[in-house]
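Since the structure comes first, as structure tokens, the remarks are kept for the end.
In structure tokens:
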């Protein structure tokens, strides 16, 4: 086989790969469209109104892991205190912060130390002290040695009193009805649904005061706009489709509600991975299949939580590398599930999808980009293949994203201004030319870091979304 | 061949972009129209607000409040909805319902027969919120539809329960037998005492999930009037039904003879031990103290915790727990006693 043949075979490989991915996306998209259209114009607020009464609902423990969150923690807690839910407790887990996170909370909420036996159901680093607010008895502060986010969540799990737990990032801002929305499928399914994740939206550009979203807006920074598009596409088109058939492997760490029983059964969060949120969901799925339980993990398309995203390439790069490592770790730890008939559709659809599309995708895409660049010089048949590859990547980069924007406007309509809609649409069409190659490159860097055995999280800098 | 593929893909692109742009234009026009309608609705709301409030407070329905256009209907709906959430007085509620009936019933009647699921659901939400009794026939017609979602059935039955419809017992015991206990509980919770009693009288003919819902509801009401009913269910049933009855008794916090429940402190079922411990604590039954102290060593954390809590309810409870700390050799019991002594006023 000469070099020319290799070049042709390689281009065929990329083309076929892209066609497979596009077909998969199209199917998932179709399921999402049907699902979203069904609920079009539904008065969502009324649809969960019943659950605001105590007798219908289930109490929730909200766990907020905090590591050096001095700047934003009070706003986050304030946002939590105004939520519309009958019975809940808030457990802030101070994960050995070196700043004044603890002092700020103790002073702001008049917290006093309490004596309590912690029920050790899952492993976590030792808890030093527990505090309770004198003004708000449902607010607790657990002080523990530093052990990372997963460890802090485990400590919160051990401390929690209620049957449902919610993990929450310290910098998220919740919608007032967030818990009613995500608990709705759990209550309505008569507990067949054991975990539920809500849609996460981007807070940069919104007007947020005292932990409440006053006005939904769009940031000016192109990187943020592209992330808005990316989140919409991932949530609206990916997760709805997967959730419909109980194939969801990710509930975002920023906001997810779990039945404590099943989290404890699965052994809690694993602290030696950077993708602890995905890893837990996979482990629960695995447990369900192994014990032959007919339980479900679902996704709620309604936006429930607003979170800050990186505004500079430096931090976005770190985030994407970490996500990709996290993805690999979860897939690798549970590699046994891949194409294993014992695990049903999870083994035959979800796992291959995450391996082939999500994990290996960046490598194929990057090689596609390199192929395009080389072909520009080589010319001839290579150039024709390069045009094909480019067209296909436009199809699955830009066109799907543009459709996701329109789908959002068609069904959920969260962005109030026409200019926002136009801006999102036009930006989404540019995705293939700059944003997608950037993220593909960073994800490949993540794979490289993984091969080299890097483990750290990488510091993330935040401005704080609430004023 | 590849050139053909490129041509084909370019054609696909042209088509897709064409579709997307048409969709975009449609959505922009729709958004512009919706924003305009929203403005009109907001204006109507400002104009109508005082008149609607006047009607609700006095019962004097002004002729000038008409809901003859879609925007006015929406404005009216939103205003009435807002007041139905905040008003408490019986007279005001009645006026509000009458206002909704007179101005919006035709609108909802039409919506109930709409082909779109979400339109029917929205109508159901409002009919229930405004307690529009005049639409009960329409709701029953809706329930008879061959293609109906489960959530519509539950909403429809909830509405009938809310207006104390005579046939609700027959509906849930004969026609809708496969709902979960939470769904039944949701429906039954809207019934008044008289209608709930109908379910207690006909308890024996109910399916298990409905039975569980009835017992649960009685526990939630915490009403001593239902004590006999729950006690008899506890005495005459087994399995889940018996545990639920015990739970209801523990919620009511009373029983006519606590002695009957003391043996349960050593039941092999942990839920029974826990609930018996709770009942003993609520009733401050001195004979139960040795049993409760024993339960501080129980293998189940829930039982230990409940035993600790129950002991603190006794006048000398903290002293008892202190003794456990000093004398017990069981570390679980010591820990739990220590925790309940230190619970103090900050208990959640």
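Protein chains in written order, with the numbering used here: chain A, -10 to 456; chain B, 8 to 355.
Glycine residues also receive a C-beta, built at the ideal position from the N, C-alpha and C atoms.
Using beta-carbon distances, residue 35 (chain B) counts as an interface residue toward chain A, with a partner under 9 Å. Assignment of residue 192 (chain A) by DSSP, reduced to helix, strand and coil, places it in the coil class. Between residue 350 (chain B) and chain A, the shortest Cβ-Cβ separation is below 9 Å.
Counting the other CB atoms within 10 Å of its CB gives residue 211 (chain B) a total below 16, which places it among the exposed residues. Residue contact with chain A for residue 126 (chain B): present (Cβ-Cβ distance below 9 Å to some residue of chain A). Beta bridge pairing from DSSP links residue 120 (chain A) with A:102 and A:130.
Counting the other CB atoms within 10 Å of its CB gives residue 250 (chain A) a total below 16, which places it among the exposed residues.
Listed by position along chain B, the residues whose Cβ is nearer than 8 Å to that of residue 398 (chain A) are 34 and 38.
When secondary structure is reduced to three states using DSSP, residue 123 (chain B) falls in the coil class, being assigned neither helix nor strand.
In this structure, the alpha-carbon of residue 282 (chain A) lies about 14 Å from that of residue 248 (chain A). Here the segment 238 to 253 of chain B lies against the segment 216 to 224 of chain B, with 3 or more beta-carbon pairs under 8 Å apart. In this structure, residue 85 (chain B) sits near residue 48 (chain B), with a CB-CB distance shorter than 9 Å. With respect to chain B, the C-beta atom of residue 27 (chain A) has a partner C-beta closer than 9 Å.
For the C-beta of residue 395 (chain A), the chain B residues within less than 8 Å are, from N- to C-terminus, 27, 30, 31 and 34. In the displayed model, residue 101 (chain B) falls within a helix according to three-state DSSP. Against chain B, the beta carbon of residue 36 (chain A) has neighbours under 8 Å at 128 and 132, listed in chain order. Of all alpha-carbon atoms in A:94, A:370 and A:73, the one lying nearest the alpha-carbon of residue 64 (chain A) is that of A:94. Taken through DSSP and simplified to helix, strand or coil, residue 275 (chain B) comes out as coil. Among the residues of the segment 64 to 75 of chain B, none has a Cβ less than 7 Å away from any Cβ of chain A. Listed along the chain, the chain A residues whose CB falls inside 7 Å of the CB of residue 346 (chain B) are 104, 105 and 106. Annotation: residue 290 (chain B) to residue 278 (chain B) spans about 18 Å, alpha carbon to alpha carbon. Scanning B:301, B:156, B:346 and B:57 for the CA closest to the CA of residue 336 (chain B) turns up B:301. For residue 218 (chain A), the enclosing alpha helix (DSSP H) begins and ends at 211 to 221. Of A:-8, A:-2, A:-5 and A:7, the smallest CA-CA separation from residue 380 (chain A) is found for A:7. The beta-carbon distance between residue 52 (chain A) and residue 162 (chain A), rounded to whole angstroms, is 17 Å. This is too long to meet the 8 Å contact definition.
Judged by DSSP in its simplified three-state form, residue 71 (chain A) adopts coil rather than helix or strand.
Counting only residues of its own chain and dropping the five nearest sequence neighbours on each side, residue 327 (chain A) has a CB closer than 7 Å to the CB of 336, 340, 341 and 344.
Under the Cβ distance rule, residue 192 (chain B) counts among the residues neighbouring chain A, one pair being separated by less than 9 Å. Your pair residue 431 (chain A) and residue 309 (chain A) checks out as a contact, with CB atoms roughly 4 Å apart and the cut at 8 Å.
Residue 65 (chain B) has its alpha-carbon roughly 28 Å from the corresponding atom of residue 167 (chain B). Here the alpha carbons of residue 262 (chain A) and residue 305 (chain A) stand approximately 19 Å from one another. Here the C-alpha atom of residue 70 (chain A) lies approximately 59 Å from the C-alpha atom of residue 373 (chain A). Sequence-distant partners of residue 141 (chain A) (beyond 5 residues in either direction) whose C-beta falls short of 6 Å from its own C-beta, in its chain, are 54, 82 and 84.
Bounds of the beta strand (DSSP E) holding residue 83 (chain A) are 77 to 84. Judged by DSSP in its simplified three-state form, residue 90 (chain B) adopts helix.
With respect to chain A, the C-beta atom of residue 308 (chain B) has a partner C-beta closer than 9 Å.
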